[in-house]
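In the working numbering, the protein residues as written are 156 to 290.
Here's what the structure looks like:
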C-alpha cells in the first residue's frame with residue numbers, strides 16, 4: 156500500500172496551470188460571433204425576449220383595462236350612492252314639509268277652537284249684561 160504524499164509547491168503550481176489551461180480550452184470551445192451555433196442561440200434569446208416583452212405588454216394592457224373597469228365601476232357605485240342619498244334627502248325634506256304642514260293645520264285648528272271659545276264667552280257675557288236689570 157502506498158502512503159499518502161502531500162503535494163509540494165511544484166505539484167500545486169502544475170495543477171493550477173492545468174486548471175487554467177482547461178478553463179481556457181473550455182472558453183475557446185464556445186462558438187463566437189459568426190458561428191451558426193452562436194447565431195442560433197442569439198436568435199433564440201431574441202425570440203424569448205420578444206415573447207417576454209409581448210407577454211409583459213399584454214399584461215400591462217390587461218391591468219390598464221382592469222383599472223379602467225374598476226374606475227368605471229367605482230364611479231357608477233358612487234353615482235348610485237349619491238342618487239340614493241339625494242333621494243333619501245328629498246324624501247326626508249318632503250316628510251318634514253308634510254309634518255310642518257300638518258303642524259300648521261293643527262295649530263290653525265287649535266287657534267280657531269280657542270277663538271271660538273273666547274267668542275262664545277264674550278257673547279255669553281254680553282248676553283248676561285242685556286238680560287240683567289240695571290238696578
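All residues carry an ideal CB built from backbone N, CA and C; glycine is no exception.
Endpoints, the alpha helix (DSSP H) within which residue i is located
i           : result
residue 253 : 191 to 286
residue 161 : Taken as a continuous stretch (DSSP letters only), residue 161 belongs to no alpha helix (DSSP H), as it is neither H nor E.
8 Å Cβ cutoff met for residue i and residue j
i           : j           : result
residue 186 : residue 180 : no
Cα-Cα separation between residue i and residue j, rounded to whole angstroms
i           : j           : result
residue 267 : residue 276 : 14 Å
residue 232 : residue 265 : 49 Å
residue 161 : residue 168 : 14 Å
residue 261 : residue 282 : 31 Å
residue 223 : residue 214 : 14 Å
residue 254 : residue 229 : 37 Å
residue 184 : residue 221 : 50 Å
residue 241 : residue 227 : 21 Å
residue 194 : residue 158 : 53 Å
residue 270 : residue 259 : 16 Å
residue 202 : residue 177 : 33 Å
residue 207 : residue 234 : 40 Å
residue 247 : residue 273 : 38 Å
residue 189 : residue 196 : 11 Å
residue 219 : residue 205 : 21 Å
Reference residue i; option with closest CA among the options
i           : options       : result
residue 165 : 173, 258, 241 : 173
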